[in-house]
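Positions 15 to 155 (the working numbering) are the ones given, in order, by the sequence shown. Contents: one structure, followed by commentary.
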Amino acid sequence: MCHSGFRSLPLPKTPSQVPSLGTKVFRFSTSGAATTLLHLLVASFCAYAFAFSGTASNGVAFIIANGFSYLMNSIWSFEAGISIAGFQRFFLVSVIGLLATLAISAVVEWLGYPAFYSIATVVVLLPALSFIVHNLWTFRT
15 MCHSGFRSLP LPKTPSQVPS LGTKVFRFST SGAATTLLHL LVASFCAYAF
65 AFSGTASNGV AFIIANGFSY LMNSIWSFEA GISIAGFQRF FLVSVIGLLA
115 TLAISAVVEW LGYPAFYSIA TVVVLLPALS FIVHNLWTFR T
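Printed below as a string of structure tokens:
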């Protein structure tokens, strides 16, 4: 704190202080793997320790994993800091990703293809699109 009692705002980062694109991709991928593992552990715990349904278990896990993912990505992957506005943008991208996943799955099912096609499409497409949106909008520096 300054002597006046007001917090000083962080100074903008210089280009040399911003992580490279390769560093961001690596960290985003690592954060995603850790988030997926956390989701798996939380959902499994809810299902087996509390006998929650799969839907309820995944709902609880989504909320916890999403908060964890925001913290990992804002602090480490993109080094953008934590803010309410940042979390709102992050959560919006997550919800849009969920809706896109459901839409892709529904279209693939409607076309009569096996579930593997929707799963493969989502696993390849959604992380890449999420990274692009987070890099250009959610955590822009």
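Glycine is no exception: its CB is placed at the ideal position from the N, C-alpha and C atoms. In this text the structure is predicted, and so the values were computed from the model without any measurement.
Query: Please report the Cβ distance between serine 45 and methionine 86, rounded to the nearest whole angstrom; I am assuming they are in contact, meaning their Cβ atoms lie under 8 Å.; Result: 4 Å
Query: Determine the DSSP secondary structure at tyrosine 127, reduced to helix, strand or coil.; Result: coil
Query: Of all the options Leu55, Ala48, Glu93, which has the alpha carbon lying nearest to the alpha carbon of threonine 37?; Result: Glu93
Query: Look at the Cβ atom of alanine 47, then the Cβ atom of cysteine 60, and state whether they are nearer than 8 Å.; Result: no
Query: For phenylalanine 130, does the count of other Cβ atoms within 10 angstroms reach 16, so buried, or fall short, so exposed?; Result: exposed
Query: How about serine 67 and valine 107: are their beta carbons less than 8 Å apart?; Result: no
Query: Anyone know if the C-beta pair for alanine 79 and valine 56 falls short of 8 Å?; Result: yes
Query: How would you call tyrosine 84, buried or exposed, if buried means at least 16 neighbouring beta carbons within 10 angstroms?; Result: buried
Query: Could you give the distance in angstroms between the alpha-carbon of isoleucine 110 and the alpha-carbon of valine 121?; Result: 16 Å
Query: Once you ignore the five residues that flank asparagine 72 on each side, which residues in its own chain have a CB closer than 7 Å to its CB?; Result: Ala57
Query: Taking the alpha-carbon positions, what's the leucine 52 to valine 136 distance?; Result: 19 Å
Query: Going by the beta-carbon positions, is the gap between isoleucine 146 and serine 132 smaller than 8 Å?; Result: no
Query: Taking the alpha helix (DSSP H) that serine 88 belongs to, which residues open and close that run?; Result: Unbroken run through serine 88: none, as it is neither H nor E.
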